[in-house]
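Student: Before anything else, here's the structure in question.
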Amino acid sequence: MVWETPPHSPAKPSRPGEPVRGTSHGSVWALRGGRPVRQVSRSSEPSWRELSRAGHAPPPARRLTETPGSLLAAEAMGVAGLLLAWALLHPADTQQCHLTGPGGVLRFTDMHDEIRVPALHRVPSSLDPLYGLVRRCLDLIQQNPLPTELLRAALNDPGSVRTSQVVQYELGYVVCAAVALLFTVAMPVAGMCFCYCRSRRRCGGRLRAHRRSLGCRRHCLLACLSLTSLVILTSVICAFVTSQRVKGQMEPGLGAVPATLRTLRQHIANVPQGVQMVVDQFKVPRQQIISDLGGLSQSVGLSIHAQLKAVTYAALADLQDRAGDLQTSLHHLQILDKTARALASARAELEPALREQRRRVVALLDDPRCTSCASVLGRAQSLELGADYSKVPSVEKVLKALAGLPRSDFAEMIRQGNGTFNSIPELAVERMAQVIQDLRDEMARMTEKVQSIANSFPLPDYTRPVSEALVKAEDRSQPYLREVERFEKYRWIAGTVLCSIILLILACNVTGMALGAYGLSKREDPSDYECRGEAGAKFLLVQADVPGHGREPRGCSQPGRSPQAFLPARVCKAAAGASSPSFSGVGLAFLFSWLLVLLVFATFLVGGNIQTLVCRNWVNQEIYKFIDTPGNLPPSMNLTRQLNLRRDSNLSATYRECKSGAGLWEVLQLERSYNLDEHLKPPKYTADFQKRLGDFTAHLGDVRLLRSEGRQDLETFARSGIDEVDYGRFQEEMKNPVVQTSLPGLARSLEGLQKMQRNGTVAGRLAAEARALWQMQNSTVQSQEALVAKLGESVQFLSRLAPHLQERVKTTLATTASVEARLPVQAQQILRQEIGCFTRKELRYFTQYLNWVGQTLREDVASCQPLATALDNGRVILCDRITDPWNAFWFSLGCCTFFLIPNIIFAIRLTKHFRPIRNRLMKTYGCQEQRRNAIHELRFPLVRFNTE
């Protein structure tokens, strides 16, 4: 008999609800040669026996067609399979739950991301070293800490502020203001004095005498003027870059103020809506749990079936083997009894015939006429019967004890037990239907409990002061922002114009140095007048047209002479043009330097105070400490009351809490405290859900593997005495032949003697006796030998089965009874284990959701972190993105202004070296000598001016 289980793969439990296949896929009993033989239908593959070879059940029970030598091995494998099955059964209640895979992580929708204040950070820049240098300079200028007393007086009673206090705090800036004022007055005065000296030919004139050190001095002046011009050029480039950076950051920075205030107001106003959105996301775990509930009963049933099928199938296989032993043993006992009786009866019939045959053969062989018969006479005299089966033990008592067995249909009994066990998944679905429906109803009630999070959230009634303060700050900031934007426009225009003028001054310096150096290289005698050197000198200085200075330079065209005969005409014209009234490098520096100083000081005063008074104290939290100190701010500026902060808190503590991710309800003053963690404890919502699952018990029915009549049949089989029969006696008798002397051998010997006889009568009698022996062998002895062979098979089977019969039957009965008793207990344990795993899995969903609610409310929906982010963004915009380039702008422009002073001095001193020496200029040169010099210059262009 083979039982069919619901189809399943080795790694997956079978699906419940499939019918258990019976006799159509089972085994049938058929008679072959008078013996029942078990036949297995091919359509039953794969059966649970084949699945057992894959590790699901013990090895299959032996078949009757197996050789006797393999029976013990099969039984040993069966016992090992039972032990393995029990080993698998006992730890069933300690198996671990399946780990939560990727599907166990819930995904929630973030619907509040459009109302957020993006955090701004300081962007690294190539100008950071310049910014650091300016901050260190400001720290040297303003070394005083935050003037708390002065600020307190200015905020509470502005009339009580004394000028001496302000001057004392701003002492560094006062000194810088004095320097700027001195520079503003001194530079125009110096310029006017220079103009007066030029009119008197005192400044920027000619050298009076030639000296050997003039060349070295001229090179030093050129190097110094070039160096100062390079420093000024670098500074003006930095000024241009930082001015553009201030302009580029000012507009978005000013626009970020109202935008941030509106975002904060919208964030606070949308807190109730955001909390409701978070609560509505409970549909994600609810749908997942309801989906899991739909497969809970089936999963539990399949788990029970999968964990218990090994031991159940092993017990059924063992029971089938014992039923087969009963059927087969009864069959062999009947063969044994019938065969022994038949052999005894046949012996009794064969004995007189064999005795008469021996008498005749002996008498014939003793006849003197029989030639050479003495050799066969001895064999004929020993012709007698061998085995006597009347002496073997009788099995009638055993057959009498087994009469009427089996009284029960073991095949049907096992099929029903197998079907009952395979129906466990369907039975689990039926028994758990009501509790699953109750759990679905509990999920609906749990939705109402979760809704209480939104209903009890206290913020909507306490955020109105914050919203009003944000609206007021936005309205009051608009006029100031517009004014700042307007003044920034003027600053940028003034800075651009003045930087362009500085570039023009540098252009004049570079042009003057280039023309002057080129003119010196073309002049042989220091006293020669060279128009290009004169033009370079006038590019460096401011030259007013005075009487006597408008004549053509010596060496240019003269009456009756062509200009090309002496110097190139374009150079002479350029020199003449340069002699016209104009303003060049030194003149521009004197004219506009005081405007540079005014712009530098104005931007320095604003940017420096913002850096030292605001930004420096904002970074080290001194501003927050000043605001937190009672009495520093007037009652109208009490931020704790205006923002409805906690009475026991202050702005510094609130900022730190908000920056660390606190919720608004944790920093605002509420009528009663609100603890979000208490509202998000899972037992508050899952207690009833857990209780329903914990209290659930289901009786999945009793699996009856062996009914009482079947048990009685096996007990009767064990007590029948089949193991008390002496099968050794049978085996000893079967060793003896039916006849001691071989009848075929004796018959062939008589046939051989017949051919040797001369007497025809003797030969005929020998032939007749040989035929009689052959007839006896074929008719009687061969049939008895066939019975002996048949008897041997039964004896061999019973002799091997009998010694272990009682132990095997006892083990089978005990195993079956134990399995029947433990199956309900183990099923309940597995049921509790599966429900416990399911409960923990679903509680993880609840925990994920509640943790997400707490995190989302604290960090997003009802977080006060945007307030701290807005403050940090304000510091980044004001200090890092505007004030730093602003201060770098005035610092660069100040460097330009400072280095203009040595630049002017070097330019005036260098001008004299570009003009001819005075005491040699008084000599008169004829046209012939001038022509000779011009020709020499054309022939030797690389000859430089000889200072001697």
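Residue numbers (the numbering used here): 25 to 972. Using N, Cα and C, we set each Cβ at its ideal position, and we do this for glycine too.
#1: Which value, in whole angstroms, describes the spacing of the CA atoms of G631 and F306?
#2: Between R346 and V833, is the Cβ-Cβ spacing less than 8 Å?
#3: What is the residue span of the alpha helix (DSSP H) that V849 lies within?
#4: Taking a contact to mean a Cβ-Cβ separation below 8 Å, would you say A370 touches T840 in this structure?
#5: Suppose the cutoff is 6 Å on Cβ atoms and the five residues either side in sequence are ignored; what does the same chain contact list for L620 look like?
#6: I need the straight-line Cα distance from F628 to F264, nearest angstrom please.
#7: Going straight from the alpha carbon of P587 to that of C532, what length do you get?
#8: State the CB to CB distance for the pair L777 and S396, rounded to an integer number of angstroms; the pair is presumed to be in contact (CB under 8 Å).
#9: Using a 10 Å radius around the Cβ and a threshold of 16 neighbouring Cβ atoms, would you call P115 buried or exposed?
#10: For G687, which beta-bridge partners are listed by DSSP?
#11: To the nearest angstrom, how far is the alpha carbon of L374 from that of Q381?
#12: Flag this pair as touching only if the stretch 686-705 and the stretch 455-468 have three or more C-beta atom pairs under 8 Å; answer yes or no.
#13: Thinking just about the alpha-carbon of each residue, which of Q358, L790, T636 is nearest to the one in A387?
#14: Under 8 Å, do K271 and E509 count as touching if we go by C-beta distance?
#15: Can you tell which of L367, P449, I460 has its C-alpha closest to the C-alpha of Q806?
#16: Just checking, does the stretch 721-735 make contact with the stretch 884-900 on the three C-beta pairs under 8 Å criterion?
#17: Please name the residue or residues paired with V763 in a DSSP beta bridge.
#18: So, at 7 Å on beta carbons, what are the nonlocal neighbours of S676 in its own chain, with the 5 sequence-adjacent residues on each side left out?
#19: Does the beta-carbon of P430 have 16 or more other beta-carbons within 10 angstroms, so that it is buried, or is it exposed?
#20: Is it buried or exposed for Q850, if we count other Cβ within 10 angstroms and need 16 for buried?
#21: Using three-state DSSP, classify L657 as helix, strand or coil.
#22: Alpha carbon to alpha carbon, how far is R286 from A202? Give it in angstroms, no decimals.
#23: What is the DSSP secondary structure of L692, counted as helix, strand or coil?
#24: Mapping the DSSP letters down to three states, classify L11 as helix, strand or coil.
#25: Expressed to the nearest angstrom, what Euclidean distance is found between the alpha-carbon atoms of L332 and T444?
#26: Run through DSSP, which three-state label would S184 get?
#27: Beta carbon of R716, beta carbon of E466: below 8 Å?
#28: Which stretch, first to last residue, makes up the alpha helix (DSSP H) that contains L144?
#29: At the level of alpha carbons, what is the spacing between I448 and R824?
#30: Closer than 7 Å by C-beta to M211: which residues in its own chain qualify, once you throw out the five before and the five after it? Chain order, please.
#31: Which stretch, first to last residue, makes up the alpha helix (DSSP H) that contains R782?
#32: Using DSSP with H/G/I as helix, E/B as strand and the rest coil, what is M456?
#33: Any chance the stretch 750-760 sits against the stretch 778-786, with 3 or more Cβ pairs inside 8 Å?
#34: Could you give the distance in angstroms between the alpha-carbon of A425 and the alpha-carbon of P761?
#35: When you compare the stretch 188-202 with the stretch 166-175, are there three or more beta-carbon pairs, one atom per stretch, that lie closer than 8 Å?
#36: Can you tell me whether DSSP reads R8 as helix, strand or coil?
Tutor: According to the structure data:
#1: In the sequence shown, counting from the first residue as 1, residue 631 sits at position 607. In the sequence shown, counting from the first residue as 1, residue 306 sits at position 282. Approximately 53 Å, taken between the alpha carbons.
#2: The residue you call residue 346 lines up with position 322 of the sequence shown. The residue you call residue 833 lines up with position 809 of the sequence shown. In this structure, V833 lies closer than 8 Å to R346 by Cβ.
#3: Your numbering for residue 849 matches position 825 in the sequence shown. Here the alpha helix (DSSP H) through V849 covers 806-880.
#4: Position 346 of the sequence shown, counted from the first residue, corresponds to residue 370. Position 816 of the sequence shown, counted from the first residue, corresponds to residue 840. Taking 8 Å as the Cβ cut-off, A370 and T840 do not qualify as a contacting pair.
#5: As a working note, residue 620 is residue 596 in the sequence shown. Residues of the same chain with a CB within less than 6 Å of the CB of L620, apart from the 5 flanking positions on each side, are L522, T921 in chain order.
#6: Your numbering for residue 628 matches position 604 in the sequence shown. Your numbering for residue 264 matches position 240 in the sequence shown. So the two alpha carbons sit approximately 16 Å from each other.
#7: On the sequence shown, position 563 is the one that residue 587 refers to. On the sequence shown, position 508 is the one that residue 532 refers to. Confidence in P587 is poor, its pLDDT being 36 and thus under 50, which makes the residue's placement too unreliable to answer from.
#8: The residue you call residue 777 lines up with position 753 of the sequence shown. The residue you call residue 396 lines up with position 372 of the sequence shown. The Cβ separation is near 7 Å, so the contact holds.
#9: Stepping through the sequence shown from its first residue, residue 115 is reached at position 91. Residue placement at P115 is poorly supported in this model, since its pLDDT is 43, which falls under 50; the coordinates still yield a value, given next. With fewer than 16 Cβ atoms within 10 Å of its Cβ, P115 is classed as exposed.
#10: Along the sequence shown, one-based indexing puts residue 687 at 663. In DSSP, G687 forms a bridge with S887.
#11: Position 350 of the sequence shown, counting from 1, holds the residue named residue 374. Position 357 of the sequence shown, counting from 1, holds the residue named residue 381. Whole-angstrom Cα-Cα distance: 10 Å.
#12: No, because fewer than three Cβ pairs between the stretch 686-705 and the stretch 455-468 fall closer than 8 Å, the two stretches do not touch.
#13: Working through the sequence shown from its first residue, we reach residue 387 at position 363. Closest by alpha carbon: L790.
#14: Counted from its first residue, the sequence shown places residue 271 at position 247. Counted from its first residue, the sequence shown places residue 509 at position 485. No, they are not a contact pair.
#15: If you number the sequence shown from 1, residue 806 lands on position 782. Nearest of L367, P449, I460 to Q806, Cα basis: L367.
#16: Three or more beta-carbon pairs separated by less than 8 Å are not found between the stretch 721-735 and the stretch 884-900, which leaves the two stretches without contact.
#17: Taking the sequence shown and counting its residues from 1, one reaches residue 763 at position 739. Looking at the DSSP output, V763 sits in a beta bridge with L409.
#18: Taking the sequence shown and counting its residues from 1, one reaches residue 676 at position 652. Only Q645, Y648, K649, D652 meet the Cβ criterion.
#19: Here the question's residue 430 lines up with position 406 in the sequence shown. Around the Cβ of P430, a 10 Å sphere holds 16 or more other Cβ atoms; the residue is buried.
#20: Counting from 1 along the sequence shown, the entry for residue 850 is found at position 826. With 16 or more Cβ atoms within 10 Å of its Cβ, Q850 is classed as buried.
#21: Taking the first residue of the sequence shown as position 1, residue 657 is located at position 633. Residue state, collapsed to three classes: coil.
#22: As a first step, residue 202 must be located in the sequence shown, where it is residue number 178. As a first step, residue 286 must be located in the sequence shown, where it is residue number 262. Roughly 44 Å between the two C-alpha positions.
#23: Within the sequence shown, residue 692 is the residue found at index 668, counting from 1. Looking at L692 - three-state DSSP - the assignment turns out to be strand.
#24: In this structure the chain extends from 25 to 972, so residue 11 is not present and cannot be described.
#25: The residue labelled residue 332 in the question sits at position 308 within the sequence shown. The residue labelled residue 444 in the question sits at position 420 within the sequence shown. Taking the straight line joining both Cα atoms gives about 13 Å.
#26: In the sequence shown, counting from the first residue as 1, residue 184 sits at position 160. It is helical.
#27: Translated into positions along the sequence shown, residue 716 becomes position 692. Translated into positions along the sequence shown, residue 466 becomes position 442. In terms of Cβ geometry, R716 and E466 form a close pair [threshold 8 Å].
#28: The residue you call residue 144 lines up with position 120 of the sequence shown. Looking at the DSSP string, L144 is not in any alpha helix (DSSP H), and its letter there is neither H nor E.
#29: If you number the sequence shown from 1, residue 448 lands on position 424. If you number the sequence shown from 1, residue 824 lands on position 800. Annotation: I448 to R824 spans about 39 Å, alpha carbon to alpha carbon.
#30: For the purposes of this step, residue 211 is identified with residue 187 of the sequence shown, where counting begins at 1. These residues qualify, in order along the chain: F614, S617, W618.
#31: For this step, residue 782 is matched to residue 758 along the sequence shown. Secondary structure note for R782: it is in no alpha helix (DSSP H), with a DSSP letter that is neither H nor E.
#32: Counted from its first residue, the sequence shown places residue 456 at position 432. Secondary structure of M456 (DSSP, three-state): coil.
#33: The stretch 750-760, when compared against the stretch 778-786, does not touch it at the 8 Å Cβ threshold.
#34: Your numbering for residue 425 matches position 401 in the sequence shown. Your numbering for residue 761 matches position 737 in the sequence shown. Whole-angstrom Cα-Cα distance: 32 Å.
#35: In the pairwise beta carbon analysis, the stretch 188-202 is classified as touching the stretch 166-175: at least three pairs are separated by under 8 Å.
#36: Residue coverage of the chain in this structure runs from 25 to 972, which leaves residue 8 outside it and unanswerable.
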